[in-house]
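**Q**
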C-alpha cells in the first residue's frame, strides 16, 4: 500500500499531462452489491484531511442511519485518496468526495486497515429530498460508453438493493 501511495504521488508530481478521467471497471448495481462488505445510509458528520507518508488522504465520518448489508457501528470512517492541505491539493479523477452534513448511500469495502468506496465514485449515491442520485464524473470505462446517471426515490433504491441481496 505504501509503495502504491508513493507511485501515485510521483506520477502526480512529474506528469505534465493533466488527467481528467480515471479508467475503471464499469460496475452494475449487482456488482456493487456483491463487492460491498457494507452498504449504509448515513450522514457525513466529520471530515479530516491529513498526510499519510507523502500522500494526502481524506477521512469522512459517517453517522450510520441504516445498514442495508453487513454490520456497521453507529459511526464509520471512509477514506479516500486526495484532498487539500494548505496550498497543496491532490485530486484523483473519479474519487468520491463528501460534504459535511451530506446524506448518502455508500457501498463500502475494506482495503487494508481502511474502508473505501467500491468502484470509486460508482459506489456513492447522494440522498436529497428522498431522492437518490449519483454523479460519476471523472470516470471512463473500457467499453467507451458513458455512465448513466441514476435518479430514483431512496425507498425504491433500497428495495432494489435488498432484492439483490436475497
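Numbering (my numbering), first residue to last: 113 to 278.
Each residue gets a CB set at the ideal place from its N, CA and C atoms; glycine is no exception.
Note that the structure is predicted; figures quoted are calculated from it, not measured.
(1) Roughly how many angstroms separate the alpha carbons of residue 209 and residue 192, rounded to a whole number?
(2) Tell me the residue span of the alpha helix (DSSP H) that contains residue 147.
(3) Mind checking residue 174: buried by the 16 CB within 10 Å criterion, or exposed?
(4) Alpha carbon to alpha carbon, how far is residue 211 from residue 205?
(5) Let me check understanding here. Comparing Cα to Cα, which of 243, 199, 233 lies closest to residue 220?
(6) The alpha helix (DSSP H) spanning residue 266 covers which residue range?
(7) From the DSSP output, in three-state form, read off residue 260 for me.
**A** Result, derived from the coordinates:
(1) 8 Å
(2) 141–147
(3) buried
(4) 17 Å
(5) 233
(6) 266–277
(7) coil
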